[in-house]
Each structure stands twice: as structure tokens, then as C-alpha cells.
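To keep things clear, I will list the structure first and then write my remarks on it.
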Amino acid sequence: MRPIPHHPRRATGPVSRVLAAGATLALLVGGLTLAAPTRPADAAPAGAGSYTTTPVGALPAGCGQQSTNPRQYATANAPAGAVPTNDWWSSLLWKRTDCAFSEPLHAHPLSYDTFANGLGFSGNSTPSISGTATGVGEYHYPYVEDIRVGVNGLAAPNVKVDGWTDWTVSPYWSDGARSLRATIGHGLPFAYFQSSGGDAVINASGTPTVWSNSGATIGFTVAGHDYVGYAPSGATWTVAGARISSTLAGRGYFSVALLPPTANGTDRAALATSYGRYAHAHVTGTRVSYSYNPSTSTVSTTYAFTTTAREGTATQTVVSLYPHQWKALTGATPLTQTYPSARGRMRVLTGISQFTTSMRYQGVLPELPPVGATGADLTTLRNHLAAARGNPMDQRGNDTYWTGKGLGRAARLAEIADLVGDVDTRTSALNAIRSTLTDWFTASAGKTSRVFYYDANWGTLIGYPASYGSDQELNDHHFHYGYFIAAAATLAKFDPSWATASQYGTMVDLLIRDADNYDRTDTRFPYLRDFDIYAGHDWASGHGSFGSGNNQESSSEGMNFANALIQWGQATGNTAVRDAGVFLYTTQAAAIQEYWFDASDQNFPTAFGHSTVGMVWGDGGAYATWFSGEPEMIHGINLLPVTGGHLYLGQNPAYVRTNYAELVRNNGGPPTVWQDILWQFQALGDADAALANLRANPGYTPEEGESRAHTFHWIRNLAALGTVDTSVTANHPLAAVFNRNGARTYVAANLTGAQITVTFSNGTTLTVPAGKTATTGAYTWVGGSAGGGTNPDPDPDPDPDPDPDPVGSPTQYLLPGGRLGAVGTAATTTVAAAGGNHDGTPTNAAVFTTTGLTLGYQGGQPTFDLFLDAGSAVGNGVQVRLSYDLTGNGSWDRVETYRYFATDPVTGYEHYTQTAGLQSSTGALGNLVGGTVRAEVWSAIGNNPTTLGLGNTSVIRLPYA
1 MRPIPHHPRR ATGPVSRVLA AGATLALLVG GLTLAAPTRP ADAAPAGAGS
51 YTTTPVGALP AGCGQQSTNP RQYATANAPA GAVPTNDWWS SLLWKRTDCA
101 FSEPLHAHPL SYDTFANGLG FSGNSTPSIS GTATGVGEYH YPYVEDIRVG
151 VNGLAAPNVK VDGWTDWTVS PYWSDGARSL RATIGHGLPF AYFQSSGGDA
201 VINASGTPTV WSNSGATIGF TVAGHDYVGY APSGATWTVA GARISSTLAG
251 RGYFSVALLP PTANGTDRAA LATSYGRYAH AHVTGTRVSY SYNPSTSTVS
301 TTYAFTTTAR EGTATQTVVS LYPHQWKALT GATPLTQTYP SARGRMRVLT
351 GISQFTTSMR YQGVLPELPP VGATGADLTT LRNHLAAARG NPMDQRGNDT
401 YWTGKGLGRA ARLAEIADLV GDVDTRTSAL NAIRSTLTDW FTASAGKTSR
451 VFYYDANWGT LIGYPASYGS DQELNDHHFH YGYFIAAAAT LAKFDPSWAT
501 ASQYGTMVDL LIRDADNYDR TDTRFPYLRD FDIYAGHDWA SGHGSFGSGN
551 NQESSSEGMN FANALIQWGQ ATGNTAVRDA GVFLYTTQAA AIQEYWFDAS
601 DQNFPTAFGH STVGMVWGDG GAYATWFSGE PEMIHGINLL PVTGGHLYLG
651 QNPAYVRTNY AELVRNNGGP PTVWQDILWQ FQALGDADAA LANLRANPGY
701 TPEEGESRAH TFHWIRNLAA LGTVDTSVTA NHPLAAVFNR NGARTYVAAN
751 LTGAQITVTF SNGTTLTVPA GKTATTGAYT WVGGSAGGGT NPDPDPDPDP
801 DPDPDPVGSP TQYLLPGGRL GAVGTAATTT VAAAGGNHDG TPTNAAVFTT
851 TGLTLGYQGG QPTFDLFLDA GSAVGNGVQV RLSYDLTGNG SWDRVETYRY
901 FATDPVTGYE HYTQTAGLQS STGALGNLVG GTVRAEVWSA IGNNPTTLGL
951 GNTSVIRLPY A
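Each step along the sequence shown adds one to the number in the UniProt record's numbering, with nothing skipped, and position 556 is 556.
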């Protein structure tokens, strides 16, 4: 089996420095708490849903008592409310690998590190490049210390955090006699200091070249980088070898700045004077504000700086802007001076207290319109939909990530089925989404799986089962929860009552707030947890405890979260959520083009040789992933999932072709895995070629979150629509324009119950009926009964039908990936050891589900034959529970728990059947109408695992016809 995605399987640094066993031991010695006891959940209501406030699994882990006290390394001055995580400076507060200080902090244009005697500076402008231009490779601007700034004699036992704002942080040192407080941040060429107990000291890594020393200002060069120290007026600096010091005239504040590279000493001196005007206007706060204007389809973002004048009257400062910022700057002109950085050239603004960017929001869609799926191709699409109808989620795991992937697959199927009038598949997919989300959004006493837990200490909502560090490291919440929210948005279109705050909308909102809280007044969660406001993109690691800083692999799953907010906000009428989604989406789309794709070929080091990276690090990027070195996955992890919210991937069709060509070159030929994801991306630049690839390879293996129906729909319809046309925008968030050979197609979706008219920026208008998606052109809709504030009848016949057409089979085989369905290929799975007595209580169960069943109850009870082999193990007992949701509404109408089956200590399959007898049951059986059946298999007793046969062996025969 090939590697599965994902995702930050965390390492100690870049991919070439993966965590070794010795490092693991060091973590344990450092005091990490790696697990929490499992105990029953106590439900806290959230509308009709609920979450638990009692731990049910592993908790965030860190040094000392950090699991229960994330403020262990924060001072009393630190802001109240939930602590931020997933930031560029998180290792300063969330200590995991260095229990006293931090890992390097890559702020740009400077990188920093913390030590017992102060703050280290690195102005490293020389990339370190490894690997090859056709294989796995990386570039980094690693921390290489130029200077260390502190207080004479300072020997702090650790560094704490004294404060933070939107993109700054203030580390604090104290040894009882001496103290130092610094403020550092993204875009700041200055670091600001307050000190006590001794002289300010700047220790250089080598003998500095002092080119100016006049009164309170000293300019010097170390390792080719120009620095300036600014002491209070009346103070002086003393140089002794590699040591520069000042008494600060007893006033206890100073600042140190890195100057931009200059061609000559005259420029350097002028810059030192220019910067000096603002050297004592210490930045003490940063704050972002944004607004989305639908009428112009623009996102305006203001980055504001608050300063405190330690002396003088200056209130402005000096900042440097990332490429995604200076390319969208309004009302100001960057100076010609620039800084090199891991993100490309940063341009300088001097004498400002804020700056504003303006970006065009290009629009998203619930799904592409089926303009090309006609005739034989429509038949092909319908056949693909029908094939997926019995198992729309095709779920490959029970944790938050793999549940999310399944939900995403079902949401795509529901959208497409609705567009082409396939009511049965739409209903099956929506039922699967509804039952899954309702299950996860309901906590109860004794429930420890498929439940969300709120940790008030950390201010976070964790789903269990967790995966990829989403519990102990708070990794990837935006990745996982984006799928849940997007599926909820699709369900909200068809079942708006489910999405109300009094029902399950409150739980969806909690997931949104956990990953990226859009409401500053809500202190239960940090503001925009996963989104780095100044850098313009998400970070995946909760603690960022790596030598290369924080990291993010799948930018496209981050965009899936942003798009989910737009869709959910639009479907529910919540403009605050919608606008937050538009801000995240638009900003990050620009950042992805710059830092993952380098579409303008300006930001990656020339010698790197790649047109894309699989991962962005704080100090660079890597043509690699956490889980595979295959080019298909290095490219593909920043493309999936492909949805109507991922049209940003096609904003530069020429780059799409460049990216795909590199994939083929590095792969030594066309893709052989994840072909569907890669062809869908190729279709955004050359849909005809992508369609030819799809038609020529009908036997491809779908990616784990994809379906043949969606891949065919996407590629076939882009072949008719053409490429994304970014020259035209709309006054509606769910709209897009495509251009094929000069002919434009305008598309808009209306989720409301009233007809709307969408106006495009070139004057074109499009009337969109209630609950429909509309296009210009001659296309005649086959279906499209979505939304409009009503729940569509799964039976379009106006008269009640007492005998609905059957859907599904009463014979259900246990299949890989947690599915029940038609007989498949022989396989196995492992039922985990009990490690205790779990008789009657599913624990670490293997779960198998089928949805969308419409079958008539025939009376009696099910029969089953489960193939079990415990090998030579003694004392094992495996148990099964069958649950029936008769209407797919998320409630289990009948639950049957059978007595466990004691396996023998002889290698070979044994047969566990219904003759073991019922241990307990609740509810009653009846007709299945779009219903769900679930089988849970677990070890009730025994200390050894058991093999369970799948595919063509273990089977359940339901009492239905």
C-alpha cells in the first residue's frame, strides 16, 4: 500500500533532519506528557449538539506542567484569554524540545534565537541548498548568529513571554538581579529592548567592523551584515574586541536594527540616520483589520503599528513588506531598499504607522457547472455517480482527518448529483454527511470516540480520534476541520434547519473559531490561531519547535478551510464568517502563488531549480513532503482536495503548465499515483490534455478522498469552460468567469430562496434563480434543485410512495477503509488488543459503515459471519455491535450488542456468528429509508490483537429485502 497523505508528521527541522530515537528520548527526559487517560465524556450543550469538557484522550504536551498550564512560560503581563499556537514564535511559549529557551524564530528580515544571556540575531542572506533539481531538495536561510544582545552578567534560567500582538512577541529574561525584555516581529528590522541590572551588551560572533560610533549611535558590520545600535540620548557605546556595551545613561532602553544591504558607505550612513529618527519609537502593538467589498470584489487589509516614544516625539516606524504585500500596496510607495529573505525580497517603508493592501477576490463556486457533460459523457457521469451511491464517503479511517476526507468526497458527490438531477445519489451523500456530522457533534456520557473535547487551559477544541498530532501538538486543525465545515455548508444548502444555531450550526461555528477564530471578543480561542497574519498563510505545527521554524505542507487544505468559511457563511447568512473566509482565501491565494509556487520566478533561490515546493518552512522551503518523496505527492499535496473553492490554482494557466511539466520531468514520465488530482490541476491550464489523459487511463486508482464521478465532472467541464479568467470579477462571492478561445462563460450560484442578479465587473449581468447555479450560454439545466431554504424531497414523486425503490443490498461485506458493501478482494485488518475488560463497550473498535440504504424490513434479526484469527494468543474475546439509523437523520434507532466470541490459541480463522447471542439491545428495527448501518468490532478481553478477515470473508446479512 502506498503512503497515505499526510501531514505534518513532525520532525526536528527540515525533512533531512527527521526526529531520531535519541531525540525522542531527549523529549521524554525533558518532561513531556505524552498521553492522558481515557475517561467518559461529559456533554456541554451547543445548540442541539454538544462537546465534552472531560478529557477523553491525549492532550497537548510540553515541558514540565505545560499540558495543564500552557502559561507556564508566560509572565503575568501576557494577555489574558487563550494562548496563541501555530505561530512563527510558538516554540518560545510552547516549549517541547528546549525546555528553557526556544528554537530559532524566523521573523524576517531577521531570525532570532534565545539563550541564557540574551537574544541572538541572524541576518543570514545566503541560502543553503541541498538535493537536486529533479529530486527531493530544500533551500534554507538557517539561523547563523551575527550578534547576541543582552545585559552584562545576565544568566537567566529560561526565557518567558511577556506579551504578544498580531505579529510581534516580547521575550523576557530575568536572573533575579538582571532583566531583559525584547520586542521582535515580522517585518521589523528593529528589535526593541528594555533592560535593568547592568550595561547593555552586544556580543558579535567575530570582531565587528565599526564604521560609525557617535554618541548614542553605533554602526558596525558582522559577517557582511550592517547593524546599528541606538542608545538613549546622552549615552555612548564602548567597543572592546567583539564586545560592544553601553550604560544607556541609566535609562534602561535601546534598540538594534539590521540595515538593508547597500552598495557603499554613504548609503549605509544615510540609512542609519534615517532609521535613527524612529529608533526610540518602540513598536508595542500590531493589529490587522480587513474588509470585503462585494460591489468591487476587493479585500482591503490594514496592518497597523502602535508605538511608545521612549524619547522624542516620533510615533512612526520602519517596516519591511513581503512580496504578497508590496505587490498589493495602496497609498504608499516602498523605498528602493530591500532585504533578502526566505520569502524573496522584502521592500522597506519608513516613517509609517500603518499600511494597506488591496487585493481582488476572484470568487469561488460550490461546484463547476455541468456545461460539458452531455450525451454520452452525461451517461458516463451518471454511471460514476451511481457507482458511488452506496458508499459516498468511502471513509479510510475513523479519525478527524480521514473522517474529513470522507465528508469532502460525499460533499462533492452531493453537489454534482444535484446539478445533474441524480436525486438518489444526492440523498445518499447528504444522509452520510448528516449522520456523520451529527454523530461527531454529539457528546454523551461514556462516549470517547467521534467526539469533540474543549480544553479550557489551551483554548482549543480537539476531535477524537485525533491524528497527525492534532491532539498532543494541536497540528492541522484547519486541515481536518475544513472538511467538516465544507461538508456542513453543502448540507446547509439542502437542509437549512440542521444548520441553525439551535441545531448543529453552533458546533460548526466552534470548529471555525478553534482553527481561526474570527471574533476578537471571543477569548475561548486565540484570534486566527492557524493563520499567520503578516506572513499571509497558515502554519500547521502547533508548537513550531524546529530549527527551521514552523512549517506548512498542504497549502491547498488550508485553502479548503478558507473556502469552507465562505460557503458556510453564505449558506447560513453569516457575513462575519463569510468575510473572514474571503480575507483568508484572498490573502493566502496571493501567498501561495509567491511562496509555494513562486509563479513570478522571483522568490526561490536561483540554484534551487524547482518551480514549486511541497513544504514552506520559516527559513525556506522543501521540494519534499512529510510522507513521500514521490513527485506526484510533492506536487499533489498542495493541490488536494480539488473543489469549486480551488479555482485559485488556475489563476495563472501558464504556471499550471510549468508545474505539471516539472512533475512529469522529475517523475520520469506521466504520474502513476494520484493521477486524478494531478489531471484536475492540469485541466486548469490545459483541459484538453487532461481530458485525453483521463480517457486514456480508465483504470487509474482514485486518490483516497476522490471519486471517479468528481474527477470526470471537473475535467470534462473545464474542457468546455476553458481557463479561469481573472480579468473579470463579480459582486457576489459565489461566482467565477472562464474563457475558452476568447469566449467567456459567466457562472454564479445562489443559495438563497429568492432570485438574484449578479453583476460582473465588465457590466455583464446574470440572473440566478433561487437555489440554483446559473451560467451564460445555451446550456440547458438537467437538475439543480439545491438550497432555497427548503429540504428537497428525496422522492420527487408528489404522492407518497409506500414502497420506495430499494437502494443497497441486505448483504454487506466488511471492506477495507471502514466500509460495508459488495463483496471485494480478500484483505485483513487488525483488531487492537483490549488491555483490560471492555465487555459491552466498544473501545479502539474497527468501524464499518454503509449509508443511503432504502430496504424493507422482513422481520427477525441479522445473521453474520466474522472471520477471526488470534493466532496462538490465549484469552482473547472479540465483540460486535450493530447500529441502525433507519432514516439517516443521525440518530441510532436500533443498537444490538452481541456477546463476545472467545477465540482459540490455534492459528487459522474461526467463525464468530450471531449464535453467540444478544447481550443487549435498544430500539426497534423498521424500514430503512436512506438509512445507515454501522458495525463496530473490538476486543472485549485479551492482551493480544486479532486478525479480522475483510473483502470476501466477513459478512453481515441484514433482515431486509
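Note that beta-carbon positions come from the ideal geometry of N, C-alpha and C, so glycine has one too.
Quick caveat, the model's predicted, so the values are computed rather than measured.
Go ahead and pull the three-state DSSP assignment for residue 881. Look at residue 881 here: in three-state DSSP terms it is strand.
Segments of 3+ residues assigned as beta strand (DSSP E) that fall wholly inside the stretch 78-156: Counting whole runs of 3 or more residues, the stretch 78-156 contains the beta strand (DSSP E) stretches 111-115, 118-122, 128-131, 137-140, 147-151.
How far does the beta strand (DSSP E) with residue 160 in it extend, from its first residue to its last? Note, residue 160: beta strand (DSSP E), 159-164.
For residue 293, name the three-state secondary structure that DSSP assigns. Three-state result, residue 293: strand.
Can you list, in chain order, the residues of its chain whose CB lies under 7 Å from that of residue 810, leaving out five sequence neighbours each side? 855, 957, 958, 960, 961, listed in sequence order.
For chain D, find out if any of its Cβ atoms is closer than 7 Å to the Cβ of residue 501; answer yes or no. Among the protein chains of the structure shown there is no chain D, as only one such chain exists.
By DSSP, does residue 708 sit in helix, in strand, or in coil? Residue 708: helix per DSSP, three-state reduction.
Segments of 3+ residues assigned as beta strand (DSSP E) that fall wholly inside the stretch 596-636: Listed in chain order, the complete beta strand (DSSP E) runs (minimum 3 residues) inside the stretch 596-636 are 615-617, 620-623.
What is the DSSP secondary structure of residue 467, reduced to helix, strand or coil? Residue state, collapsed to three classes: coil.
Can you tell me whether residue 297 is buried or exposed? The criterion is at least 16 other CB atoms within 10 Å of its CB, across all chains shown. Residue 297 should be labelled buried.
DSSP three-state call for residue 533: helix, strand or coil? In the three-state scheme derived from DSSP, where H, G and I count as helix and E and B as strand, residue 533 is classed as coil.
On the DSSP letters alone, give me the boundaries of the alpha helix (DSSP H) that residue 178 sits inside. That residue, residue 178, is in no alpha helix (DSSP H); it is neither H nor E in DSSP.
Counting C-beta neighbours from all protein chains within 10 Å, is the total for residue 741 16 or more, i.e. buried, or is it exposed? By the neighbour-count criterion, in which 16 or more other beta carbons inside 10 Å mark a residue as buried, residue 741 falls on the exposed side.
If we ignore side chains and look at the alpha-carbon of each, how far apart do residue 600 and residue 594 end up? Distance between residue 600 and residue 594, taken at the CA atoms: about 7 Å.
Sorted by chain position, which residues of the same chain lie with C-beta nearer than 7 Å to residue 714's C-beta, five sequence neighbours on each side aside? Only 368, 642, 680, 683 meet the Cβ criterion.
Nearest by alpha-carbon distance to residue 287: which of 527, 96, 892 is it? Looking at 527, 96, 892, the one whose alpha-carbon comes closest to that of residue 287 is 527.
Does the stretch 510-529 come within contact of the stretch 451-465, defined as at least 3 CB pairs closer than 8 Å? Taking a cut-off of 8 Å on C-beta distances, the stretch 510-529 touches the stretch 451-465, as three or more cross pairs fall below it.
Residues bridged to residue 168 by DSSP? Residue 168 pairs with 185.
Are the Cβ atoms of residue 944 and residue 873 separated by less than 7 Å? Cβ atoms of residue 944 and residue 873: closer than 7 Å.
For the stretch 542-555 against the stretch 301-319, do three or more pairs of beta-carbon atoms, one drawn from each stretch, fall closer than 8 Å, so that the two count as touching? The stretch 542-555 is not in contact with the stretch 301-319.
According to DSSP, is residue 682 helix, strand or coil? Residue state, collapsed to three classes: helix.
Per-residue burial, residue 208 [other beta carbons within 10 Å of its own, 16 or more giving buried]: Residue 208 is buried by the Cβ-count criterion.
Residue 388, buried or exposed, once every other Cβ within 10 Å from all chains shown has been counted against 16: Burial call: buried.
Relative to the C-alpha of residue 54, which residue among 65, 46, 42, 47 is closest? Nearest of 65, 46, 42, 47 to residue 54, Cα basis: 42.
At the level of alpha carbons, what is the spacing between residue 467 and residue 443? The alpha-carbon of residue 467 is positioned some 19 Å away from that of residue 443.
Of the listed residues 619, 655, 602, 372, nearest to residue 635 (C-alpha basis): The shortest Cα separation from residue 635 among 619, 655, 602, 372 belongs to 655.
Are residue 395 and residue 888 closer than 7 Å when you measure CB to CB? Contact: no.
When DSSP labels each residue in this structure, what does residue 714 get in the three-state scheme? Helix.
With three or more C-beta pairs closer than 8 Å as the rule, is the stretch 410-419 touching the stretch 484-503? Touching, yes.
Taking C-alpha atoms, which residue in 212, 766, 257, 828 lies nearest to residue 148? The option with the nearest alpha carbon to residue 148 is 257.
Can the beta-carbon of residue 494 be found less than 7 Å from the beta-carbon of residue 565? Contact check for residue 494 against residue 565 fails: the beta carbons are separated by 7 Å or more.
When the distance is taken between beta carbons, is residue 878 closer than 7 Å to residue 946? Yes, the pair counts as a contact, with Cβ atoms nearer than the cut-off.
Mind reading off the beta-carbon distance from residue 482 to residue 561? Whole number of angstroms is fine, and I expect it under 8 Å. 3 Å between Cβ atoms; contact.
Under 7 Å, do residue 975 and residue 82 count as touching if we go by C-beta distance? Not covered by the structure: residue 975. The range shown for the chain is 1 to 961.
Please name the residue in 867, 573, 875, 658 whose C-alpha comes closest to that of residue 837. The shortest C-alpha separation from residue 837 is found at 875.
Counting only the same chain and skipping the five closest in sequence on each side, list residues whose C-beta sits under 8 Å from that of residue 280. The residues are 230, 232, 253, 255, 309, 310, 311, 312, 314.
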